[in-house]
Every structure is written in C-alpha cells, then in structure tokens.
Amino acid sequence: MKAVVLAAGEGVRLQPITATRPKHLIKLGGKAILEHCIEALKSCGLTDIVIVTHYMSDAIRQYFGDGEKFGVKIAYVEQKAILGTGNAVSTVEPYVDGDFTLVYGDLLFAPDSLKTVLQCYETEEAAAVMAVVPVEKPENYGIVEIDNKKAVKRIIEKPAAGEAPSNLANAGIYVFSLEVFDKLRQITASVRGEWELTDAL
Numbered sequence: 010m011k012a013v014v015l016a017a018g019e020g021v022r023l024q025p026i027t028a029t030r031p032k033h034l035i036k037l038g039g040k041a042i043l044e045h046c047i048e049a050l051k052s053c054g055l056t057d058i059v060i061v062t063h064y065m066s067d068a069i070r071q072y073f074g075d076g077e078k079f080g081v082k083i084a085y086v087e088q089k090a091i092l093g094t095g096n097a098v099s100t101v102e103p104y105v106d107g108d109f110t111l112v113y114g115d116l117l118f119a120p121d122s123l124k125t126v127l128q129c130y131e132t133e134e135a136a137a138v139m140a141v142v143p144v145e146k147p148e149n150y151g152i153v154e155i156d157n158k159k160a161v162k163r164i165i166e167k168p169a170a171g172e173a174p175s176n177l178a179n180a181g182i183y184v185f186s187l188e189v190f191d192k193l194r195q196i197t198a199s200v201r202g203e204w205e206l207t208d209a210l
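The numbering of the sequence shown is my numbering, which starts it at 10 and goes up by one.
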C-alpha cells in the first residue's frame, strides 16, 4: 500500500518562522516534522510514499531526496495552487493504483494510531476510514459526527461554540480506496474557494 503525505501548505499561522522554510521542515526533537511523519509511516510498513508539495517545494525535495537516506522511496507531486485538501489529493490519482494511506504532513502521530486505522480498514466494509480524536474545544477543529455504527454522518468545519454535534475532531489520518477520486470529482468549491477532502467523505 502506498502512503500519500500532504505537505503543500504555507503555514500562515506560523509566520514569521515559515517565511524562510516550509512548516513541514520545522524541527522538533532535532528532526523535521515531516521526518517524524515519514518515520511513523515506515514503522507501519509503508515505505512507498508520495508527497504533495507546493510552498517551498524545492526545500522539501532537497531535504528528503528520493527517500533512500530515510529507508523509504519518495515521489513528489506538485500542487499547482493552494486549492484545498481535496484538490491536493486529486493530484496523486496517477500515482496510486490501489488502496492508500493519507496523512497530513504537519501531523505528529504515534504509529499505533495509524496501525489502528489500517486494521479498521481491513475489517470494515468501507471505502474510507478516518481517525478521530476527542478535543476540549470543538469550535477550533473539523468535527466529525458519527452514527451508532461509527459511520461518518457529516463533518462540520469549526462549528460555533456549543453547536458541535460531537467532540471528535478529524485527526488527519485516513485510508482510502480508489473510489475517493470519483467522489472528489463530484464536489464543488467551499466558501473559501477550496475543494475540501472532507466534502468527499
């Protein structure tokens, strides 16, 4: 199974740090955030990786190269403009030929979290599985409403305080079948002018 990592964003909220480097290359514990992400993927047996880049993409390519130094194989896809996570995922369609894992490249996560999502995908009859995490302030996150069978009913981006249908936030870890690309072709731009991955779920 291939892994797709979204690493195109500008990191506007981290200015001025991201004026000189992409947020994915900010170091924590002596390693770039994206390096932690790649190590977690590798520890789950996912070593064939596609990274979607845009902002300062040359810096990311220079840091990781073909991935050999990190014990993985890396290919790069350039998102032409920042048009949302849905658009970013659409760019990788020619590079995946079956089920694939998707993670946000600015995400720090324990490999066990991804292993749980992969196991769930294997046992559930679903075209997609996503990780969620309970949060204290739902108004700051994309909130997921699920039914009693743990199927996603809807996802609300940053609901008003007190109006969230749950406290379960989108954790940015997914496993998809190829069906996601058909779903992405059916969505329209959000009010922000971006194509949102969550609209395809």
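Backbone N, C-alpha and C define an ideal beta-carbon position, used for all residues, glycine too. Predicted model only: the values in this text are computed from it and were never measured.
Pro-168 carries a coil assignment under DSSP once its states are collapsed to helix, strand and coil.
For Ile-83, the enclosing beta strand (DSSP E) begins and ends at 82-87. Beyond the five residues adjoining it in sequence on each side, Cys-46 comes within less than 7 angstroms, by CB distance, of Val-14, Val-112, Gly-114 and Leu-116 in the same chain, given in chain order.
For the pair Ala-12 and Gly-171, the Cα-to-Cα distance works out to about 36 angstroms. Here Glu-134 is exposed, its C-beta having fewer than 16 other C-beta atoms within 10 Å. In this structure, Ala-136 sits near Glu-188, with a CB-CB distance shorter than 7 angstroms. Its Cα nearest to that of Cys-53, the residue Met-10 stands out among Leu-43, Asp-191, Met-10 and Lys-40. Sequence-distant partners of Gly-38 (beyond 5 residues in either direction) whose C-beta falls short of 8 angstroms from its own C-beta, in its chain, are His-45. In the DSSP assignment, Ile-196 falls outside any alpha helix (DSSP H), carrying neither H nor E. In the three-state reduction of the DSSP assignment, Val-126 falls in the helix class. One Cα belongs to Asp-208, the other to Thr-100, and the distance between them is close to 16 angstroms. In this structure, the beta-carbon distance from Val-126 to Ile-60 does not fall below 7 angstroms.
Secondary structure of Gly-95 (DSSP, three-state): helix. Counting only runs of at least 4 residues, the stretch 10-83 fully encloses the following alpha helix (DSSP H) elements, listed from N- to C-terminal order: 42-52 and 66-73.
By the neighbour-count definition (other C-beta atoms within 10 Å, threshold 16), Ala-178 is a buried residue. Of all C-beta pairs linking the stretch 150-161 to the stretch 89-99, fewer than three are shorter than 8 angstroms, placing the two stretches out of contact.
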